[in-house]
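Report on the structure given below.
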Amino acid sequence: MTSPTPTGAPATTASPARAPQRRTLLSVDRVGRSFGDVRALDGISLDIAENEFFALLGPSGCGKTTLLRSIAGFETPDEGEIRLGDDDLLAMPPHRRPVNLMFQSYALFPHMSVAANIAYGLKREGLPKAEIADRVDEVLATVGLSSLAKRRPAQLSGGQRQRVALARAIVKRPRLLLLDEPLSALDRKVRAEMQLELKRLQHEVGITFVVVTHDQDEAMSMADRIAVLADGRVQQVATPVELYRNPANLFVADFIGSSNRLAGTVDAGHFVAPGIGRLPSDGTSDVAPGSEAHLVVRPEDLRIVPHGAGVLDGKVSEVQFQGGASTVAIAVPGQERPFLATVPGVAAQTRGSHVGLTWDSAVVVTDDRA
Amino acid sequence: MVSSPTTVPGRAPQRGRARGRRGRLGRLVEPTALLAPGLIFYAVLVLVPVLLVGAYMFATRGRFGGVEWTFTLDNFGRLFDPLYLDVLQQSVLIAAAATGLALLIGYPTAYAISRLPVRWRTVALVLVVVPFWTNFLIRTYAWIVLLNSQGLLNDALVGTGLIEERFTLLYTPGAVVVGLTYAYLPLMILPIYAAVEKVDHELVEASANLGANRFRTFLSVQLPLTLPGTITGCILVFVPSLGNFVIPELLGGGKTVMVGNLVRDQFLKTQDWPFGAVIAMVVVVLLLLLFGLQAWVTRRVEGAPRG
Amino acid sequence: MADTVTDTASTRRATTRYRPRTGLGWLWLPLALCALFLYIPIAVLVGMSFNDGGSAFSWDGFSFRWYAELAGDEVLRQSVLTSLMIAAGATVVATVLGTLLGVGLARHTRSKALETAAMAPAILPDLVLAIGLLAFFFVAGIPKSALTILLAHAAFGTAFVVAVVRARLTGSDASLEEASRDLGAGGFTTFVQVTLPSIAPAVVAGALLVFTLSLDEFVIAYFTAGPTTHTLPITVYSMVRTGVTPEINALATVLVAISVVVVVVAARAVRRTEKS
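Protein chains in written order, with the working numbering: chain B, 1 to 370; chain Z, 1001 to 1307; chain L, 2001 to 2276.
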């Protein structure tokens, strides 16, 4: 049911990327919102496709929650449009939008049983009692909580409450399901399980999921496409692989995964680091000549070679064995932060050894945010 | 007291002190010193009086006031005399009416206050409480003035053409109801306000998100969740109203006799203390029942967590 | 997408945008009615107090004459003094006992029974307490006087001090006190030098509460007062019952003014402690 999205496409800028095989379900067009002096949303545009698992990722204050609440109807944008299919969402009051929201704190009604919580939304649709009962049973089975139908939320564990919140949202079969930091309240073990659960559910039920999170691990493992936000603006929209391999700017490169970076300038198609000279890179075509830029190398692309044989030289400051791989930290003169290299198995180097560094692949980005 | 060096701060109650002298009994000295004075005071001035009243229920009235300690159950039987049952019934009705009126005015007011901008809320709450701190008798007196047949209310109603001739508002059960409502209204507003404030705003949003409009959300979410607080407010109005004798006397003109008046009369006029005790206990029993109701509702609404 | 086309389209649709309703809406009505209900009686009394004729039916001109009469009323003056003395005495007793009890309950016991018992006087209807105390003083052979009222007020005042002190203590944890003990201070020293300062605002609040309640308390005083003891509420009661001289309006106005001042000062003090 899932059609593969194109990977390995050339680096994108901050313009929305479309998933060509799917129709657009939600279209956000130049949405803006200010709170006093603070510009929470600044001209955000993106398209989300049907049946997609989409993530809004960014640090706190980046606007992702404001955007989510604007879609749900609890915030009113100052400018812009949000359309769901043909419906103008911003013209509708929240209780009429065919969009359901799963709250970070679940917001289960404490005075109702699990079944009553789930049936609440269906009752508002005026469906016959028998049908409501059937659908409630069905969705309880889907999330695996059939035996807990009569319990109250106060009697459930965190993970169970989350499933009830999820069930309550999906039983209405919305076209779009919004999830606000769905895994943040869970402890680690449960979180890993729920990640798989959510993915499974999304495929099984066939609803478009939009997840808001600040945890890039979560977004990377669950989402088909991710929109990285900062300062109320979209920095990049792409698949996880694309974001990792071809970040649009320094913010994205830093936020997603770990990175080693060098500051320098772009000159005649090459990256030049002060005091070192020209460094190999995957190309600088996106950066205007003469501008300041950063070279970004992922830890697994960094190669440790004998001293003097590489592009840079340094001294090993720390070696950490993590089971299947090791992380080697190398202090490079003139650089503030040590370079991190990921090597398979046990590292051959020890602390204090003098080594050289080179790399297979490096991206050049600027610090210009969108 | 010798202070000995301890390596780990925390619960090390006996270290470094003369252990032999204090021991287990010594550890009780402090709680006793704190709790005993107050509890003894209570025992004498609260427990004993209440027990005394309880005992009086079974005693016989003394010839010159007070009691004779002859065991009898007659007092309970007299309670069922239609005269007294009437008084009881009227008291309950009037107290219930006052509670209803207070609820009618109080709930929307509390709700409105919760919707005010934050700074105005404190002002509003203060304004609600200030009349309450004014002497209760004076507040009742104000209503005597207002309700007097020559009074302002009559003036206003006749002036606006709503009624044609003056009528007596004073010395009717209605006046008593109004007086009681006025006396205890703040006690209805404050608990309801607290309950409305406590309702998690996300629940309101969740309800809207699931398709409920504002009215529906109010019925299904806010009303049930504020029910415990509302009942508290009702109790705080109902019970004092029931036991009140001043307002029925001043505003009811002696024509409206309530439980409070009965008790007062038995103790201060007729000197039939045992019977007065029985009547008073009826009020206490009602109070306990209402508290039980409130506890039950709270459990239903908030859901008793298991384990 | 041509910008002009989109712009016209968005401006066209923006006019039908949903805007959430803020503010009170129709709730203004009950709020206003409630305000009127609460304050018209008071306003009438205040107005009447300045009315030379002293009645509510006709305005005879502005004057302070009823305030003068009020000031000169010996009986009233006596009852104010009596009330103040009783309130002061009851406050002292209730504050001391209530603080001890409150600390004891918060720090040394988990018994629900004890907790309920400590709050009982505040929950019981005052009529029940009143007749109980009447009976008790009779049986114990204690003649009714200002002292009996004082004791009675102290009894139910203690419950309020307990409530306030307990609330303050259960909020904070006991680590300061434990540290003090660990450093070798005995129970009494800890209490005086550590516990008391930390609950001082609560104790003061409780004391003020008891003082105000005692001044205003009628029912219990009425039952436990000796034949010659008149507290302010008792005097007002007889004044109202026997038919009225308009100086009551002046008295009412004075009391209202005092309540307003006290509440405002208290609110300011609370806000100041919250800021620090």
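Using N, Cα and C, we set each Cβ at its ideal position, and we do this for glycine too.
Nothing here was measured: the structure is a model prediction, and the numbers come from that model.
Inset, instruction - To the nearest angstrom, report how far apart L:M2085 and Z:Y1182 are at their CA atoms. - result: By 1-based counting over the third sequence, the position of residue 2085 of chain L is 85. By 1-based counting over the second sequence, the position of residue 1182 of chain Z is 182. Rounded to whole angstroms, L:M2085 to Z:Y1182 spans 29 angstroms at the Cα level.
Inset, instruction - Using a Cβ cut-off of 9 angstroms, pull out every chain B residue sitting near Z:E1202, in sequence order please. - result: As a position in the second sequence, residue 1202 of chain Z is number 202, starting the count at 1. For Z:E1202, the neighbours in chain B by C-beta distance under 9 angstroms run, in chain order, F103, Q104, S105, Y106, A107.
Inset, instruction - Give a yes or no on whether the minimum CB-CB distance between B:H95 and chain Z is below 7 angstroms. - result: Counting from one through the first sequence, the residue named residue 95 of chain B turns up at place 95. Yes, B:H95 lies at the interface with chain Z (some Cβ there is under 7 angstroms from its Cβ).
Inset, instruction - Mind listing the chain B neighbours of Z:V1297? Cutoff is C-beta to C-beta under 9 angstroms, in chain order. - result: Translated into positions along the second sequence, residue 1297 of chain Z becomes position 297. Within 9 angstroms Cβ-Cβ: nothing; Z:V1297 doesn't reach chain B, min ~10 angstroms.
Inset, instruction - Let me know if B:D180 comes out buried or exposed under the rule of 16 or more other beta-carbons within 10 Å of its beta-carbon. - result: Locating residue 180 of chain B in the first sequence gives position 180, counting from the first residue. Buried, because 16 or more other Cβ atoms sit within 10 Å of the Cβ of B:D180.
Inset, instruction - Whole angstroms is fine: what's the gap from B:A341's alpha carbon to B:L186's? - result: Working through the first sequence from its first residue, we reach residue 341 of chain B at position 341. Working through the first sequence from its first residue, we reach residue 186 of chain B at position 186. Rounded to the nearest angstrom, the two C-alpha atoms are 31 angstroms apart.
Inset, instruction - For the beta strand (DSSP E) holding B:G80, just list the boundary residues, first then last. - result: Walking along the first sequence from the start, residue 80 of chain B turns up at place 80. Annotation for B:G80: the continuous beta strand (DSSP E) segment containing it runs 79 to 84.
Legend entry - chain L contact for Z:Y1141 (CB, 7 angstroms cutoff): For the purposes of this step, residue 1141 of chain Z is taken as residue 141 along the second sequence, with counting starting at 1. Yes - at least one Cβ of chain L is within 7 angstroms of the one on Z:Y1141.
Legend entry - C-alpha distance - B:D42 paired with B:P77, whole-angstrom precision: For the purposes of this step, residue 42 of chain B is taken as residue 42 along the first sequence, with counting starting at 1. For the purposes of this step, residue 77 of chain B is taken as residue 77 along the first sequence, with counting starting at 1. When rounded, the distance between both Cα atoms is 10 angstroms.
Inset, instruction - Please name the residue, chosen from B:T327, B:G58, B:V311, B:F271, that lies closest to B:E300 on a Cα-to-Cα basis. - result: In the first sequence, residue 300 of chain B corresponds to position 300, counting from 1. Across the set B:T327, B:G58, B:V311, B:F271, the C-alpha of B:T327 shows the shortest separation from the C-alpha of B:E300.
Inset, instruction - Give a yes or no on whether the minimum CB-CB distance between Z:E1302 and chain B is below 7 angstroms. - result: Stepping through the second sequence from its first residue, residue 1302 of chain Z is reached at position 302. So, interface residue.
Inset, instruction - For B:M102, name the three-state secondary structure that DSSP assigns. - result: Counting from 1 along the first sequence, the entry for residue 102 of chain B is found at position 102. B:M102 falls in the strand class under three-state DSSP.
Legend entry - Residues near B:D368 by beta carbon distance below 7 angstroms, same chain, minus five either side: Against the first sequence, residue 368 of chain B aligns to sequence position 368. Once the five neighbours on either side are set aside, the close Cβ partners of B:D368 are N249.
Legend entry - 6 angstroms CB neighbourhood of L:G2186 in its chain, flanking five on each side removed: Looking up residue 2186 of chain L in the third sequence gives position 186. None.
Inset, instruction - Work out the CA separation of B:L302 and B:V359 for me, nearest whole Å. - result: The residue labelled residue 359 of chain B in the question sits at position 359 within the first sequence. The residue labelled residue 302 of chain B in the question sits at position 302 within the first sequence. Position check: residue 359 of chain B holds Trp in this sequence, whereas Val was assumed. Each residue's Cα considered, the two are about 5 angstroms apart.
Inset, instruction - Within the same chain, show all residues whose beta-carbon is closer than 7 angstroms to that of Z:I1189, passing over the 5 residues directly before and after it, in chain order. - result: If you number the second sequence from 1, residue 1189 of chain Z lands on position 189. So the qualifying residues of the chain are G1106, T1109, A1110, V1128.
Legend entry - Buried versus exposed call for B:V31 [16 or more other C-beta atoms within 10 Å across all chains shown]: Position 31 of the first sequence, counted from the first residue, corresponds to residue 31 of chain B. Buried, since its Cβ has 16 or more Cβ neighbours within 10 Å.
Legend entry - Integer Cβ distance of Z:A1096 from Z:F1291, believed to fall under 8 angstroms: As a first step, residue 1096 of chain Z must be located in the second sequence, where it is residue number 96. As a first step, residue 1291 of chain Z must be located in the second sequence, where it is residue number 291. The beta-carbon separation of Z:A1096 and Z:F1291, rounded to 17 angstroms, does not stay under the 8 angstroms limit for a contact.
Legend entry - Same chain, Cβ closer than 7 angstroms to L:T2082, five either side skipped, listed in chain order: To locate residue 2082 of chain L, count along the third sequence from 1; it is residue 82. These residues qualify, in order along the chain: A2146, T2229, H2230, T2231.
Inset, instruction - Report buried or exposed for B:K189, applying the criterion of at least 16 other Cβ atoms within 10 angstroms of its Cβ. - result: The residue given as residue 189 of chain B occupies position 189 in the first sequence. When all chains shown are included, B:K189 counts as exposed.
Legend entry - Where the alpha helix (DSSP H) through Z:R1069 begins and ends: On the second sequence, residue 1069 of chain Z is found 69 positions in, with the first residue counted as 1. Strictly speaking, residue 1069 of chain Z in this sequence is Trp, with Arg absent from that position. Careful: Z:W1069 lies outside any alpha helix (DSSP H) and carries neither H nor E.
Legend entry - Alpha-carbon to alpha-carbon, Z:P1224 and L:R1983: Because chain L spans 2001 through 2276 in this model, residue 1983 of chain L falls outside it and cannot be assessed.
Legend entry - Residues of its chain near L:Y2039, where Cβ-Cβ distance is below 8 angstroms and the 5 sequence neighbours each way are ignored: Along the third sequence, one-based indexing puts residue 2039 of chain L at 39. Around L:Y2039: no qualifying Cβ.
Legend entry - chain B contact for Z:L1288 (CB, 7 angstroms cutoff): Position 288 of the second sequence holds residue 1288 of chain Z. No, Z:L1288 does not count as interfacial toward chain B.
Inset, instruction - Using three-state DSSP, classify L:K2112 as helix, strand or coil. - result: For the purposes of this step, residue 2112 of chain L is identified with residue 112 of the third sequence, where counting begins at 1. DSSP places L:K2112 within a helical segment (H, G or I) once states are collapsed to three.
Inset, instruction - Flag this pair as yes or no: are the beta carbons of Z:P1037 and L:L2097 separated by less than 7 angstroms? - result: In the second sequence, counting from the first residue as 1, residue 1037 of chain Z sits at position 37. In the third sequence, counting from the first residue as 1, residue 2097 of chain L sits at position 97. Between Z:P1037 and L:L2097, the gap from beta carbon to beta carbon is short of 7 angstroms.
Legend entry - is_contact[B:R163, chain Z] using C-beta, thresh 7 angstroms: Along the first sequence, read from residue 1 onward, the residue named residue 163 of chain B stands at position 163. Taking Cβ atoms only, chain Z never reaches closer than 7 angstroms to B:R163, which makes this a no.
Inset, instruction - Compute the distance between the beta-carbons of L:P2121 and L:A2068, then report whether it is under 7 angstroms. - result: On the third sequence, residue 2121 of chain L is found 121 positions in, with the first residue counted as 1. On the third sequence, residue 2068 of chain L is found 68 positions in, with the first residue counted as 1. Note that the C-beta distance between L:P2121 and L:A2068 is not below 7 angstroms.
Inset, instruction - State the Cα-Cα distance for the pair Z:L1234 and Z:T1099, rounded to the nearest angstrom. - result: Counted from its first residue, the second sequence places residue 1234 of chain Z at position 234. Counted from its first residue, the second sequence places residue 1099 of chain Z at position 99. According to the sequence provided, residue 1234 of chain Z is Cys. The question's Leu does not apply to it. Rounded to whole angstroms, the separation of the alpha carbons of Z:T1099 and Z:C1234 is 6 angstroms.
Legend entry - Limits of the unbroken beta strand (DSSP E) element including B:N260: What you label residue 260 of chain B is simply residue 260 of the first sequence in a count that begins at 1. First-last of the beta strand (DSSP E) with B:N260: 260 to 267.
Inset, instruction - Put Z:I1235 into one of helix, strand or coil per three-state DSSP. - result: Along the second sequence, one-based indexing puts residue 1235 of chain Z at 235. In the three-state reduction of the DSSP assignment, Z:I1235 falls in the helix class, which pools H, G and I.
Inset, instruction - Kindly identify the DSSP beta-bridge partner or partners of B:T327. - result: Counted from its first residue, the first sequence places residue 327 of chain B at position 327. Secondary-structure assignment with DSSP links B:T327 through a beta bridge to B:Q320, B:T342.
Legend entry - Beta bridge counterpart(s) of B:V236 as assigned by DSSP: Position 236 of the first sequence, counting from 1, holds the residue named residue 236 of chain B. First, the residue type needs correcting, since residue 236 of chain B is Gln and not Val in the sequence shown. According to DSSP, which records beta bridges pairwise, B:Q236 is partnered with B:V228.
Inset, instruction - Indicate whether L:V2080 and L:G2157 have their beta-carbon atoms separated by less than 7 angstroms. - result: Indexing the third sequence from 1 puts residue 2080 of chain L at position 80. Indexing the third sequence from 1 puts residue 2157 of chain L at position 157. Not closer than 7 angstroms, so no.
Legend entry - Three-state secondary structure assigned by DSSP to B:R175: As a first step, residue 175 of chain B must be located in the first sequence, where it is residue number 175. Of the three classes helix, strand and coil, the one that applies to B:R175 here is coil, per DSSP.
Inset, instruction - Starting from the C-beta of Z:E1068, find all residues in its chain whose C-beta is less than 8 angstroms away, skip the five residues before and the five after it, and write them out in chain order. - result: Locating residue 1068 of chain Z in the second sequence gives position 68, counting from the first residue. A1059, T1060, R1061, G1062.
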